[in-house]
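>
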Amino acid sequence: MRLSDADTTAQLNGWVRRRRDHGGVIFVDLRDRTGITQVVFDPQIDEKAHALADSVRSEFVLNVSGTVRERAPGELLFNADAAFQAELVNGTPLSTEFRSLFSDLDTKYTLSDDVKVNVREPDKRWLLTDIENNRTYDIEREADSLSIYQGTVNPELATGEIEVAVDSLNILNTAKTPPFPVEDDIEVAEDIRMRYRFVDLRRPEMQKTLEMRHKAALTARNYMNEQGFLEIETPILMNSTPEGARDVLVPSRYYPGKFYALPQSPQQFKQILMMSGVDRYFQIARCFRDEDTRADRQLEFTQLDIEMSFAGVDDVLEITEGLMKRIFEEAGDIPVQTPFLRLPYYESMARFGNDKPDTRFGMELTDLSDVMADCDFQVFTRALSSGGQVKGIAVPGGADFSRKDIEDLTEFVATYRAKGLAWVKVTSDDQPESKYSSGIVKFFKTEQLETAQERMGAKPGDIMFFVADRPKVVADALGSLRLHLGRKLNMIDENRYNFLWIVDYPLFEWNEEANRYEPFHHLFTGATEETLPLLDTDPGRVQSQHYDLVCNGSEICSGSVRIHRWDVQQKIFDILKIKPEDIKNRFGYFIDALEYGTPPHAGIAPGLDRIVMLMRNEENIREVIAFPKSQQGLCPLTHAPSTVTEAQLEELSIRVDIDI
RNA sequence: GGGCUCGUGGCGCAGUUUGGUUUAGCGCGCCUGCCUGUCACGCAGGAGGUCGCGGGUUCAAGUCCCGUCGGGCCCGCCA
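The letter at position 520 of the first sequence is residue 573 when you use this note's numbering, and the numbering goes up by one with no holes.
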């Protein structure tokens, strides 16, 4: 409802956000999904409604009807010379003389610099809004002067220019005092919010998230439909596979001792759909992984699952880019430039220490192994001689870090197995000998530090951090340190969205302990045409046709071109040393299908939760799920999982072997 | 499986390090009364906690010790 609705009658349903009882007149802020409207109970309009409104409390559910009216001017503050009318044009700064009329009255009326003028009736009425001080003034032209009234418009409300004068109130329900106020920016522990999620979700920002999530899914459906994709449901109860994450299991009543598994993703079914002649499939699919959770990981989550036949890498990337653009622009009002940058996996690892880089800031990792090869610092040389590396990052302004700061950061990298964090501060001193400050400077030739400084791009006032260790540890430690400091030092522009593809992944990873190769992603990931011959000679160098889409340090899509030829699949199984009987038991149906004319196909799975997190700028996945589970996998509302009756267990032939 | 951290009226927090003037304090909210233009309304008065739980040390425990439960972040795990 807006000013244009004035003088119409209206009926409103909603919850009471706040009640302001002035004895004679009662104001109630009534909230529904669309926002807040002020409703007024005036005994002169309806005595019964006013009397009833006396009992109204926060979060009561009301139905009111009345007249929409423009908010009338308040108390007359002063009269001013009619000549000031010339200033009442938006964009024209108010004169000092005019301003002083306000401040002379009372300091609380002193106008800020941020004052807006709205002409309501040309040459007759104006609304003056002091945005900074959150005050309004009504100005009316009299015969030969201007009357300035205290305004009753609330510039913070979209409906702030109007109110509903109630002539009939119906209290649809009462409510206990809510455990926390139903408004944005509250400071309440998350478990309290979760326990009262039905109250929490009433808050405007939560409503906004729910709506944005809905729009994202709707946009995805529309887009995929336009692109010729069919939405097909795949089973929720399926076979357990020992690969990858732990399955969520469901016992079978018909087959004692046997279990269904909930899908970790519809991977195999969507590939079978390709074999079934559905050349373009998608699904908004719930996926389940029984692993420990994190801030961005939940036991169950939602993917926009996509698969297409006769398609290669470029086809999938192009469709996905279009999808992302549509979702972010239509659901999130965030402009997106396509195509996205493609970054090879090895380059991402080298520069950022991980394959989901946040590229909104610099502070990239720099390899210094060659420079440090002949230094006297044994921590470095020992790491290098045992096949490790020395890398560093330069932290802007880090020369100010205290000993305690550095100690804390050392502790931070220790969680990633780094045994230490070497540091050298770059001072503004010009002399090469005294330019670098640190306990370890003596172990290096000045030229070594100078080369390091130059490569890292460190400036006077910066600190250089070094980690020397196995490549994995160096990458983990420095990559995480980079992100940690980037956040802490406010180097990240929250309004930017940096999309990029990570490509050219290896197909296999060597497992030291097991002394064999393991798939880098999964068993059905295809290899590039060029590196396919290496399968026989040097499997470690085979490149996969896998791709990840990353945005602001978050992996939001993952996919690949799949293997569609039986002979290639066979070779993969050989390299991975999977026994033929295992293949038959675990993937028999799948292998079977592969031999009946499988088209080349490829797919991807954008994570809906993470997309909404990005668009809402949320760090926690629970914020974008209506009813999330706690970190321990408990449902704060229903307290699932729960025990079941003996009778239920008996039907399932299950005996529970713990004391409850 | 491991590390860190939090737990004090309905909510947010102080007090815990150095046990004892705290009958456990503050803000918000709540309740009652007054108030016809507020929008974080105002004014006056009031109710409400035994400090997550269990055990121990002590003359004395919110405060120290042990255990346990719950929330969160991270490593492992997970793509």
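Glycine included, C-beta positions come from ideal geometry on N, C-alpha and C. On a predicted model such as this, the values are computed, not experimentally measured, just so you know.
Among Tyr313, Lys268, Val142, which one has its Cα closest to the Cα of Arg178?
For Arg178, the nearest C-alpha among the options comes from Val142.
> Round the Cβ separation of Val217 and Leu65 to the nearest angstrom and send it over; I've been treating them as touching at under 8 Å.
Confirmed, about 6 Å.
> Kindly indicate the opening and closing residues of the alpha helix (DSSP H) around Phe680.
Premise fails: Phe680 is in no alpha helix (DSSP H) and is neither H nor E.
> Please report the distance separating the alpha-carbon of Ala102 from that of Asp220.
Their Cα atoms are separated by approximately 6 Å.
> Between the C-alpha atoms of Val595 and Ile616, what's the straight-line distance to the nearest angstrom?
Taking the straight line joining both Cα atoms gives about 14 Å.
> Distance check for Lys311 and Val301, CA to CA, integer angstroms please.
Val301 and Lys311: Cα-Cα distance of roughly 13 Å.
> Quick check on Gln598: buried or exposed, where buried means 16 or more other Cβ atoms within 10 Å of its Cβ?
Under this definition Gln598 is a buried residue.
> Taking the alpha-carbon positions, what's the Leu147 to Ala511 distance?
When rounded, the distance between both Cα atoms is 49 Å.
> Between Leu370 and Glu547, what straight-line distance do the alpha-carbon atoms span, to the nearest angstrom?
Approximately 25 Å between the Cα atoms of the pair.
> Identify whether Arg708 lies in helix, strand or coil by the three-state DSSP scheme.
Arg708: coil per DSSP, three-state reduction.
> Assuming Asp411 and Tyr398 are in contact, meaning their beta carbons sit under 8 Å apart, how far apart are those beta carbons, in whole angstroms?
At roughly 16 Å, the Cβ-Cβ gap does not stay under 8 Å, so Asp411 and Tyr398 are not in contact.
> Candidates Ala338, Ala348, Asp332: which alpha carbon is nearest Gly365's?
Checking every option, the nearest Cα to that of Gly365 belongs to Asp332.
> Look at the alpha carbon of Val621 and the alpha carbon of Glu582, and state the distance between them as a whole number of angstroms.
Looking at the two C-alpha atoms, the distance is approximately 12 Å.
> Give every residue of the same chain whose Cβ lies closer than 7 Å to the Cβ of Arg255, excluding the five residues on either side of it in the sequence, and list them in chain order.
Within the same chain, Arg255 has close Cβ partners Trp68, Val235.
> Please report the straight-line C-alpha distance between Ala63 and Arg122, rounded to a whole angstrom.
So the alpha carbons of these two residues sit roughly 10 Å apart.
> At which residue ranges does the stretch 599 to 664 contain complete alpha helix (DSSP H) runs of 4 or more residues, listed in the order of the chain?
Runs found: 619 to 628, 633 to 647.
> At the level of alpha carbons, what is the spacing between Leu199 and Phe137?
Going from the Cα of Leu199 to the Cα of Phe137 covers about 8 Å.
> With C-beta atoms as the reference, is Leu534 less than 8 Å away from Leu462?
For Leu534 and Leu462, yes; Cβs fall inside 8 Å.
> In chain order, what residues of the same chain lie with their CB nearer than 6 Å to the CB of Lys630, ignoring the 5 residues before and after it?
Only Arg569 meet the Cβ criterion.
> Given that a residue counts as buried once 16 or more other Cβ atoms are within 10 Å of its Cβ, and exposed if not, what is Phe640?
By the neighbour-count rule (16 or more Cβ atoms within 10 Å), Phe640 is buried.
> For Thr505 and Phe561, I'd like the C-alpha separation in whole angstroms.
The displayed chain sequence assigns Ala, not Thr, to residue 505. Taking the straight line joining both Cα atoms gives about 33 Å.
> So is Asn308 buried or exposed if we call it buried at 16+ other beta carbons inside 10 Å?
Correcting the residue identity first, residue 308 is Tyr in this sequence and not Asn. Its Cβ having fewer than 16 others within 10 Å, Tyr308 is exposed.
> Got a sec? Which residues, its chain only, sit under 7 Å from Arg306 by beta carbon, not counting five neighbours each side?
Counting only Cβ-Cβ distances below 7 Å, and skipping sequence neighbours, we find Glu704, Leu705.
> Classify Asn564: buried if its beta carbon has 16 or more other beta carbons within 10 angstroms, exposed otherwise.
It counts as exposed.
> Report the residue from Leu181, Gly415, Phe433 whose alpha carbon sits nearest the alpha carbon of Asp423.
Asp423 has its Cα closest to that of Phe433, out of Leu181, Gly415, Phe433.
> Write down the C-beta distance between Pro288 and Phe322 rounded to the nearest angstrom, noting that I regard them as a contact closer than 8 Å.
Their Cβ separation, rounded to whole angstroms, is 7 Å, which keeps Pro288 and Phe322 in contact under 8 Å.
> Flag this pair as yes or no: are the beta carbons of Gln317 and Gly330 separated by less than 8 Å?
No.
> Per DSSP, what are the beta-bridge partners of Lys169 in this structure?
Partner(s): Thr182.
> In three-state DSSP terms, what is Tyr190?
The answer is strand: DSSP assigns Tyr190 an E or B state.
> Helix, strand or coil for Gln356? Go by DSSP, reduced to three states.
It is a strand residue.
> Classify Lys444: buried if its beta carbon has 16 or more other beta carbons within 10 angstroms, exposed otherwise.
Result: buried.
> For Gln442, report the span of its beta strand (DSSP E) as first-last.
442 to 448 is the extent of the beta strand (DSSP E) around Gln442.
> I want to know whether the stretch 145 to 162 touches the stretch 77 to 95 - three or more CB-CB distances under 8 Å.
Touching, no, given that fewer than three Cβ pairs across the two stretches are closer than 8 Å.
> DSSP puts Tyr489 in a beta bridge; with which residues?
Tyr489 pairs with Val479.
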